[in-house]
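As structure tokens, the structure follows; a few thoughts come after it.
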Amino acid sequence: MFQLRRTLSALFDEERIELAWQEATEARLYAERLIQEAIQSSVEQDNVALVKLWLDAPSDRVVKLKDLPVSFNPAILELAMFWLQKPHLIEKLFKHRVLSKPSVCGQFWFRTRNVRDRVFVRTVGRFSTVPGVLDANSEAPWNLLATCSTYDPKLVEDPQLCRKLWDALQIANPELRLKQNPNAPVVSLLLPPPNVTGSLHIGHALTCAVQDALARFYRMQGSAVVWVPGMDHAGIATQTVIERDLRNRASCSSGNMNNPRLELGRDAFVREAWLWKERQASRIREQLDSLGLSLDWNREFFTLSPRHSQAVTEAFVRLHESGLIYRASRIVSWCCSLQSVISDIEVDSLELRCATLLTVPGYEKQQQFGIMDYFAYPLAEPMSNSPKAMKECRSEIVVATTRLETMLADTALAVHPDDPRYKHLIGREVVHPFCPSRRRLPIIADPRVVDPAKGTGVVKLSPGHSQVDWECAKTHGLPILNMLDSSGKVTDLGGEFAGLPRFVARERLVQRLTDLGLYRKREDIASLGEVTVLPICSRSGDVIEPIVREQWFLRTQEMAERAMKAAQSGLIKFHPSYQKDVWSEWLSPGKHQDWCISRQLWWGHRIPAYRTKKTGLAKDGTTSWVIARSMTEAEKQLSVEPSLIEQDPDVLDTWFSSALLPFSVFGWPDETVDLSRYYPLRLLETGQDILFFWVARMVMLALQLTKVVPFKEVVLHGLVCDSLGQKMSKSKGNVIDPMDLVHGIGTLSKTTVGPAISVIGADALRASLLSCTLSQPKVTYSQEMALDMRKFCNKIWQTARFVLMRLNKMDSNSVFDSPPQDAWRRIADDSTKLSLADRWLIGRLSTLVRQINYSWAGESAQFEQTGLEPFNLSFGVNQLRLWWMEDLCSVYLEILKFQETAKTDRSDVSLRIALTAMETALHVLHPIMPHVTEVIWQELKYPILSVERQSIALQPFPSPSWFPPSLNFSSTVDDQMKSLLSLASTVKSWRPLLRRSSVERSNEPSLCLFNAEGIPRSDAVQVLTALSRVPCVTDAGALPVHRISLRLSEDSPWQLVLSTESFDLMWTQNELQQRVDSLSKRRAQLVEQESKNDSEQQIRARQQKVCFAYNLPQLGSSFRSCASPLDLVEYASPRPRCALLSLSLLDKRRD
1 MFQLRRTLSA LFDEERIELA WQEATEARLY AERLIQEAIQ SSVEQDNVAL VKLWLDAPSD
61 RVVKLKDLPV SFNPAILELA MFWLQKPHLI EKLFKHRVLS KPSVCGQFWF RTRNVRDRVF
121 VRTVGRFSTV PGVLDANSEA PWNLLATCST YDPKLVEDPQ LCRKLWDALQ IANPELRLKQ
181 NPNAPVVSLL LPPPNVTGSL HIGHALTCAV QDALARFYRM QGSAVVWVPG MDHAGIATQT
241 VIERDLRNRA SCSSGNMNNP RLELGRDAFV REAWLWKERQ ASRIREQLDS LGLSLDWNRE
301 FFTLSPRHSQ AVTEAFVRLH ESGLIYRASR IVSWCCSLQS VISDIEVDSL ELRCATLLTV
361 PGYEKQQQFG IMDYFAYPLA EPMSNSPKAM KECRSEIVVA TTRLETMLAD TALAVHPDDP
421 RYKHLIGREV VHPFCPSRRR LPIIADPRVV DPAKGTGVVK LSPGHSQVDW ECAKTHGLPI
481 LNMLDSSGKV TDLGGEFAGL PRFVARERLV QRLTDLGLYR KREDIASLGE VTVLPICSRS
541 GDVIEPIVRE QWFLRTQEMA ERAMKAAQSG LIKFHPSYQK DVWSEWLSPG KHQDWCISRQ
601 LWWGHRIPAY RTKKTGLAKD GTTSWVIARS MTEAEKQLSV EPSLIEQDPD VLDTWFSSAL
661 LPFSVFGWPD ETVDLSRYYP LRLLETGQDI LFFWVARMVM LALQLTKVVP FKEVVLHGLV
721 CDSLGQKMSK SKGNVIDPMD LVHGIGTLSK TTVGPAISVI GADALRASLL SCTLSQPKVT
781 YSQEMALDMR KFCNKIWQTA RFVLMRLNKM DSNSVFDSPP QDAWRRIADD STKLSLADRW
841 LIGRLSTLVR QINYSWAGES AQFEQTGLEP FNLSFGVNQL RLWWMEDLCS VYLEILKFQE
901 TAKTDRSDVS LRIALTAMET ALHVLHPIMP HVTEVIWQEL KYPILSVERQ SIALQPFPSP
961 SWFPPSLNFS STVDDQMKSL LSLASTVKSW RPLLRRSSVE RSNEPSLCLF NAEGIPRSDA
1021 VQVLTALSRV PCVTDAGALP VHRISLRLSE DSPWQLVLST ESFDLMWTQN ELQQRVDSLS
1081 KRRAQLVEQE SKNDSEQQIR ARQQKVCFAY NLPQLGSSFR SCASPLDLVE YASPRPRCAL
1141 LSLSLLDKRR D
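Below, the structure written as structure tokens:
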């Protein structure tokens, strides 16, 4: 057993952090065979007694080391659990090789609370992942790092691990922090509530990732963080989805246009909506939890809950009492399918450049759009009987329109006052050919609405169906007519067309105008070079109709001015900063209209307006209403019986209730403790696309109702698009479901992800989203980015396992049993023992910690010092990943492994620095990747399974003060390390070009590094040797007799010395020649391809940048003139792969 353990330990010590798949598989198979043989041949009585001791122990008994047989050797258990990663194989070994009683295997009880032997604890603890080993009351297995050779999100992100621990410790409860420190700064955040319409989309995932990263960051900085979750009832969106669901579940009569809502009735439909909400809310909570969010679910809200409804009603009443809410008839965006007003954010703009057939709800056949109809209005008879007037009475005026059906509501024709074609007709009238009264339409002059160069130069005015026409009608005193009802059918105004659906009426009008000789032609807008923008309802897919309807409106002029001044005075800061100008531009006077806040829906907040059932119209033509907080209050105002009172059936716009969230979630309108403590919010993070639909309205209503701004800072991210910058949509097939990546690999192929990856995971998804540049209007994202971060998670895992192996061989009490800031101070106390690589790694980490603290905290004052925009999360994610992958793993750990192999006295010092640096980095990474950092930190910090645990989420976030001045970044050290890394990279680039000769040589070094200017520093020699894997020779007498020396850099004394007898330099010459020929050929192909579209100047610049910088043309001719391999090697000593890399980058850019 002793020899077996030595063999496997040596094998493991030599194993790199990442082995090739074949090599790793062979090593594990070899180890499994050895272990099976050892267990089969070494079943001693003492080991059997040990197993029986566990099996026979009462459930309340703790097995202690003193109870074990004196001769017990835990090597069997240790080796088996160390190497065997498959639980079923471990169980098989213990059933058939050791126990001889398989049926009792499920009765293992491992209790190690009082056991302090590190090796034994880790040995026993590894059995926690074996099915049936732990009893039902046992703790979840935290020892995944020891038992899983690769990172597995299915285990690491198990809700029974991190989520259970976080809930038990109540990390999201701000009151616990305030009890510990009443003076702790308060940071309050609000999660933009997802709609209860279905699952989360990638935009939700981005918002959640950003806010959770900031919440965990502030929490680790010592703040009392309250992050309030909730869900939005999303009136029109939810009602549409529920109607579709009901339609799929039951057939409806055709008399109601297959609308199940109308068949059920309002009360029954609302009950269905609440059932839907409960189902979807539970699903959304699970999805939010699967992302690892630290939300305070005790403060969860729902925008249609009784408590929130009270706040909405109170806000409406107060705004009405202030004269800001009024009822009027205005042009609104109307969806005939939903029979409701919709918000501008729910309108999609479809650009048409040619005639296009589209599917419209309620029509069996597709309808044609993108066409221009020309028809004539006959001029009315002149008032006089002059011959000239008689001649003009039979004349006509032709108009062009893309909405022919609206001619039924025309009230005038407009021409340009300077158009000579129609100037003499200004003031005349035309006769409407269809209306029952054959009304006359005046011809007016208005240069604002008419462009003589477009169409016929005449514009038909339908003030009841166009905002532009509405404004023109108000100027000229024209009547406002409406030819469509709520369902999109023609009203009685249309005469013979009454009752026809709008697009059926369009075609019928073509026939009737043709019969009257008034129809002229129909043209495709493509022939006119015109572009038509068709408004489409994003909820129903119907074509939006501008229609005049009596609605409730909120005056926003004064509130908008206050909101604009709040930003200008610095009360509200925007990130990115350019959004401040956008904010001021939109809120400036004349750039916006009053807000229509009423919707014709059943799912939402009923408007608190009441009237008697047989009331007349007010003086202004609108219905007379009273505003009251309840029916009882309405009775007092109207002084009538309750049975004679009816409430407005309309509901409020969803954005109205959402605009109250910053203060309503904390108990407003009541004066609660939460409201005084947590309002206003520290910051708001949301998408740029709802800056005005939500953010601006929150600011306006907060200033009006609470007299303070609702938040101090606004962090905005762009719209998540695919890798090509296109908006994600189901029709394009580029939608990314975040849950598909959390629980699977999305739409990535198995060939792309590899056989070892079956799940991307939440941590990888979060990190990939946060690595994007969020301040741009478009956030380009692809699933491949999540896969890259999944590989980074595995790199973190392998690094931690590398550390864990060495942790078993040393006393860890002085490393992980104390805070990392104390560890850095102890390292600084012995700073004289630090090597060049030590100072370099610590200096780069300290610089990164300082930059991340400034940028993530949003300290704008530090912008000039760091050059980083506030809340620049992507910088921290990308730079920390680069530090971990390159500085820590590729450089420092390679040096550490070299020190261990060489058995230098520096290995212990380097290991402690690596351990402390890794723990510090885990603290920084935790807000980004909470699961993997928590699991690794737990196993490194708590090797004993049953101890009372804390969480890394409650540990302090690294700060610049952790690093004493002696450990700060040094530009001199950095320059020295850059030089050494460059030299090592050059040496590595030469290795593929050197092939050993088949002739056996002497034992003298065939390849080495030599410093021509004297004896170099020992730490520099150590770095070069570790990274290049080439020995450094300080004695010139030890160099090969037959050798050549290659200068690695013009400003470096280091040379690469190789034996001419050990390497085939002719092969090297041929290999270089082939590479240069291939590069030259590829360059010529690229230049030829680019020349088709590029100017000569661009081609010359590209050639000079990519090719001439590496002297490729001269390189080819110089090879032919080389007299010997030595000439060739001396000439080509600069890194030969640089040109290849540059050309490959150019090729990728072209692709």
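Position one of the sequence shown corresponds to residue 1 (UniProt numbering), numbered consecutively onward.
Quick reminder that beta carbons are idealized off the backbone N, C-alpha and C, glycines included.
Model, not experiment: these values are computed from the prediction.
Nonlocal neighbours in the same chain, by C-beta distance under 6 Å from residue i, ignoring five residues either side
| i | result |
| --- | --- |
| A567 | K580, W583 |
| residue 1235 | Outside the modelled stretch of the chain, which goes from 1 to 1151, sits residue 1235, for which no answer is possible. |
| V187 | Y218, S223, V225, R682 |
| S329 | V548, E550 |
| Q221 | F957 |
| M559 | M700, Q704 |
| M789 | A764, A767, S768 |
| R881 | F792 |
Pick from the options that is closest to residue i, judged by C-alpha positions
| i | options | result |
| --- | --- | --- |
| A857 | L1039, F217, S322 | F217 |
| A281 | R271, G292, L291, F302 | F302 |
| I1018 | A837, A1036, K978 | A small correction: the amino acid at residue 1018 is Ser; Ile does not occupy that position in the sequence shown. Comparing Cα positions, the closest option is A837. |
| P182 | R677, Q726, Q1022, P710 | R677 |
| S624 | A505, R327, E1088 | R327 |
| V715 | F574, S540, S874, E321 | F574 |
| L983 | V1021, E1013, S966, F963 | V1021 |
| L481 | Y679, G725, M407 | M407 |
| N878 | V742, L925, G292 | L925 |
| D689 | M698, I895, P777, F503 | P777 |
Through-space distance from residue j to residue i, alpha-carbon basis
| i | j | result |
| --- | --- | --- |
| K454 | L528 | 9 Å |
| R629 | E635 | 11 Å |
| G590 | E471 | 13 Å |
| V613 | T475 | Here residue 613 turns out to be Lys, not Val, going by the sequence shown. Each residue's alpha carbon lies about 36 Å from the other. |
| Q950 | L169 | 8 Å |
| L807 | D830 | 21 Å |
| K154 | I936 | 15 Å |
| A828 | L967 | 6 Å |
| S749 | K732 | 19 Å |
| Q339 | G494 | 20 Å |
| E948 | S577 | 46 Å |
| S128 | S149 | For S128, the predicted model reports a pLDDT of 36, less than 50, meaning its position is unreliable; a value from the coordinates is still stated below. C-alpha separation (whole angstroms): 15 Å. |
| P58 | T916 | Its pLDDT being 46, under 50, P58 is placed unreliably in this model, and the value from its coordinates should be taken loosely. Their backbone Cα atoms lie some 41 Å apart in a straight line. |
Delimiting residues of the beta strand (DSSP E) encompassing residue i
| i | result |
| --- | --- |
| K580 | Element bounds for K580: not the beta strand (DSSP E) but the alpha helix (DSSP H), 579 to 587. |
| Q339 | No beta strand (DSSP E) contains Q339, which DSSP labels as neither H nor E. |
| Y678 | Element bounds for Y678: not the beta strand (DSSP E) but the alpha helix (DSSP H), 673 to 678. |
Contacting residues, own chain, Cβ-Cβ under 7 Å from residue i (five flanking each side not counted)
| i | result |
| --- | --- |
| T847 | F969 |
| N853 | S959, P960 |
| A376 | E396, I397, V398, L518, R520 |
| S812 | A caution first: S812 carries a pLDDT of 47, below 50, which makes its placement in the model too unreliable to give a value. |
| I928 | A213, R766, A767, L770, V877 |
| L178 | A184, A224 |
Start-to-end residues for the alpha helix (DSSP H) that takes in residue i
| i | result |
| --- | --- |
| W937 | 930 to 941 |
| M220 | 202 to 220 |
| D722 | No alpha helix (DSSP H) holds D722; DSSP gives it neither H nor E. |
| Y374 | Looking at the DSSP string, Y374 is not in any alpha helix (DSSP H); the run it does join, the beta strand (DSSP E), is 371 to 378. |
Other residues of its chain near residue i: CB distance less than 8 Å, five sequence neighbours each side excluded
| i | result |
| --- | --- |
| L176 | Q170 |
| G746 | I736, D737, D740, I760, Q783, A786 |
Legend entry - Cβ contact (3+ pairs, closer than 8 Å) linking the stretch 972 to 980 and the stretch 201 to 217: Fewer than three beta-carbon pairs drawn from the stretch 972 to 980 and the stretch 201 to 217 are found closer than 8 Å, and the two stretches are therefore not classed as touching.
Legend entry - Touch test, the stretch 305 to 313 against the stretch 282 to 296, Cβ-Cβ under 8 Å, three pairs minimum: Result no; under three Cβ-Cβ pairs closer than 8 Å.
Inset, instruction - Indicate whether the contact test is met: 3 or more Cβ pairs, each with one atom in the stretch 412 to 425 and one in the stretch 451 to 468, closer than 8 Å. - result: These segments touch.
Legend entry - Meets three-Cβ-pair contact criterion under 8 Å: the stretch 598 to 610 and the stretch 640 to 655: Touching, yes.
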